[in-house]
Amino acid sequence: MDFETLLSRSPNPYIVVDRDLTIAWMNDAYLRATMRERTDLVGRYLFDAFPSEESSDSYKLLRSSLDRVLHTGSLDEIAHIRYDIARPDGVMEQRYWSATHTPQLGSDGEVEFILQHTVDVTELHGLRKLRDEAGLVGRAKAVQARYFDLAREAEWLKEVFDQAPGFIAILDGRDHRFIVANQAFREMFGIANPVGQRLSDVLPADAATPFAGQIDEVLRTRLPYIGENIPFDLHADPQAADAQRRVDVICQPILAPDGTSSGVFVQGHDVSLQARARERQRELIEELNHRVKNNLAVIQGIARQTFRSLPGAGKASTAFVGRLHAMAAAHEILASQDWEPVALGQLAEKVIARSSARDETSRIALDGPDVFIPAQMTGSLALILNELATNAVLHGALGREGQVTLTWSPDTAGGASRLLFEWMETGCRPTDTPVGPAGVGTMLLRNLLPSGAEPPELDFRPDGFRYRAAFLIG
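Structure (structure tokens):
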């Protein structure tokens, strides 16, 4: 069927413009309605052929309708628009129109041409009595104004979505068809316009299948899905430079008024660079940890050999190695947690298990809330715990039939965050009490506290020993 001939003979006015709004064709009815010649229009920019001030409502309404067709690929209508045209004598004549804009898509799925069906409603507009009695034109204007407001709101939201730093998409719940996809989404997946396409048409199968399953789960449960550092294959070729990405994503169900899920709102960020940086940091930390452990082992070996050559240095060697084990325990915890603050309870258990008190843990009670020690304080506190445990075995409660209680609690009085720390030994007979505060261990207990800490209390009592300290942790 020859559609061009059919439209040419139609009594209804038709005009065709390309995606640049250049006039490509019009029928005779359109020429009669606009009082123009074909040679005056073909090949001209639409708004040059029919000029209107860009600040006018006429221009804004017509341009907005055409832009919506170009952006969405969907039909758009103007119920009522004033658009003045020039008569053959050059005088502008006031006209009112109703128009329908229908897109014609090319092979790439993009809008190639727009067919405008125009109806001159000037006479209807001029029938004031009919308007007064039926209110037809007034209602049409009201509907048109409301539609224009809604269209502007939709365009504003689209612009906000497009400018968002993360990728955003809205998918229909029935067949996973894209309703909205912002610029970040289009750039990330290398797709000019996924709107109207299914998820399986946009993403590689290895990525689309599990993602579609997750969307179905969100639709079924009506609960959001939150994923962090999720691997995502962008290309079917796994060897492509950017084949695999890491994304943080949230899929939020869109609920209809009846409570059912009508679609899914997808929002996320490409965190591939951060993931690679974390992986590189992890590799460097592992290498550093390996070297530190090797150095500690070398130091321990040198110390044993050195002390072995010194008469009567056995106790000193044992004490030194014990302190070295405490430092190693602290380092292992820090390394496993990327040098983040360490839980005091975890540190105490680890150090005591490495000390000479490791066989007496059943007589050591740990009591305190979750308190985290800054990384820079962990080594000093590990040495203090080792010294307390070792002294308890050699001179105090753990060398007899006594008990040890380690307690700690935070103190925020005065606005500062302090830690109150107490080591209490009980059950020692008077003859079991340490000789006095004169050894190297005692010196370490007094001097190893973090900078700015209050002087500790060392109480050598007849029935036991108490060590109390308070220091800032934040």
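For the sequence shown, the positions run 24 to 497 when our numbering is used. The C-beta atom is built at its ideal place from N, Cα and C for all residues, glycine as well.
Taking Leu370 as the reference, give the member of Arg381, Thr125, Leu404 and Thr244 with the closest Cα. Leu404
Rounded to whole angstroms, what's the CA-CA distance from Leu180 to Ala187? Just pull it up for me. Each residue's Cα considered, the two are about 11 angstroms apart.
Would you check if the distance between the CB atom of Gly291 and the CB atom of Ile277 is smaller than 7 angstroms? no
Note down, in chain order, each residue of its chain lying with its Cβ closer than 7 angstroms to the Cβ of Val294, except the 5 sequence neighbours on either side. Here the set comprises Asn252, Arg269, Val270 and Asp271.
Apart from the five residues on each side of it in sequence, which residues of its chain come closer than 8 angstroms, Cβ to Cβ, to Ser198? Note that residue 198 corresponds to Asp in the displayed sequence, not to Ser. Arg221, listed in sequence order.
Uninterrupted alpha helix (DSSP H) stretches inside the region 390-439 (no shorter than 4 residues): Counting only unbroken stretches of 4 or more residues, the alpha helix (DSSP H) elements lying wholly within the region 390-439 are 398-417, in sequence order.
Anyone know if the C-beta pair for Asn205 and Phe184 falls short of 7 angstroms? yes
For Met447, write down the residues that DSSP places opposite it in a beta bridge. Thr428 and Arg489
Helix, strand or coil: which one does DSSP assign to Asn317? helix
Nearest-angstrom Cα distance between Asn409 and Glu363? 22 angstroms
Looking at the strands, I want to know which residues DSSP matches up with Phe494. Leu442
Run of the alpha helix (DSSP H) containing Val463, from where it starts to where it stops: Val463 to Asn470
Same chain only: Cβ atoms within 7 angstroms of Ile238, ignoring 5 sequence neighbours per side: Leu194, His199, Cys274 and Val287
Sheet register partners of Ala388 (DSSP bridge): Thr428
Segments of 4+ residues assigned as alpha helix (DSSP H) that fall wholly inside the region 24-75: 26-31, 51-57, 61-64 and 69-72
Have a look at Leu429 and Asn312 and give me their C-alpha separation to the nearest angstrom. 29 angstroms
Mapping the DSSP letters down to three states, classify Asn312 as helix, strand or coil. helix
Return the residue from the list Ile137, Arg55, Ala320 and Pro233 that minimises the CA-CA distance to Ile108. Arg55
Name the two residues that bound the continuous alpha helix (DSSP H) containing His94. Asp80 to Thr95
Candidates Pro473, Trp431, Asp41 and His94: closest to Pro392 by CA position: Trp431
When you compare each of Lys373, Tyr490, Leu89 and Ser130 to Pro478 by their alpha carbons, which one comes out closest? Check the Cα spacing between Pro478 and each of Lys373, Tyr490, Leu89 and Ser130: the tightest is with Tyr490.
Cβ-Cβ separation, Tyr119 to His103 (assumed contact under 8 angstroms), whole Å: Indeed, because the Cβ distance is near 7 angstroms, the residues count as touching under 8 angstroms.
With burial defined as no fewer than 16 other Cβ atoms inside 10 Å of the residue's Cβ, what is the status of Ala177: buried or exposed? exposed
Considering only residues of the same chain and omitting the five flanking positions on each side of Arg441, which have a CB-CB separation below 8 angstroms? Pro433, Asp434, Thr435, Ala493, Phe494, Leu495 and Ile496
Going by beta carbon distance, what residues of the same chain come within less than 8 angstroms of Thr454, once the five residues before and after it are set aside? Summary for Thr454: the model assigns pLDDT 44, below 50, so the residue's position carries little reliability, and this model does not support an answer.
Mind reading off the beta-carbon distance from Leu421 to Arg386? Whole number of angstroms is fine, and I expect it under 8 angstroms. 6 angstroms
Might you give, ordered along the chain, the residues of its own chain that have their beta carbon closer than 6 angstroms to the beta carbon of Arg245, omitting 5 neighbours on each side? Pro276 and Ser284
Taking Cβ positions, are Phe488 and Gly419 nearer each other than 7 angstroms? yes
Can you give the beta carbon distance from Ala192 to Val40, rounded, assuming they're within the 8 angstroms contact cut? Ala192 to Val40, Cβ: 30 angstroms. No contact.
Of all the options Thr232, Arg86, Arg105 and Met400, which has the alpha carbon lying nearest to the alpha carbon of Ala174? Minimum Cα distance to Ala174 is reached at Arg86.
Bridge partner(s) assigned by DSSP for His140: Tyr37 and Thr123
Since Val225 is in the beta strand (DSSP E), which residue starts that stretch and which ends it? No beta strand (DSSP E) holds Val225; the alpha helix (DSSP H) holding it covers Leu222 to Val225.
Determine, for Arg221, whether the minimum Cβ-Cβ distance to residues of chain B falls below 7 angstroms. Structure shown: chain B not included; a single protein chain is present.
Leu443 versus Val463: straight-line alpha-carbon distance, rounded: Each residue's Cα considered, the two are about 24 angstroms apart.
Measure the C-alpha to C-alpha separation of Leu307 and Glu480 and round it to an integer number of angstroms. Roughly 41 angstroms between the two C-alpha positions.
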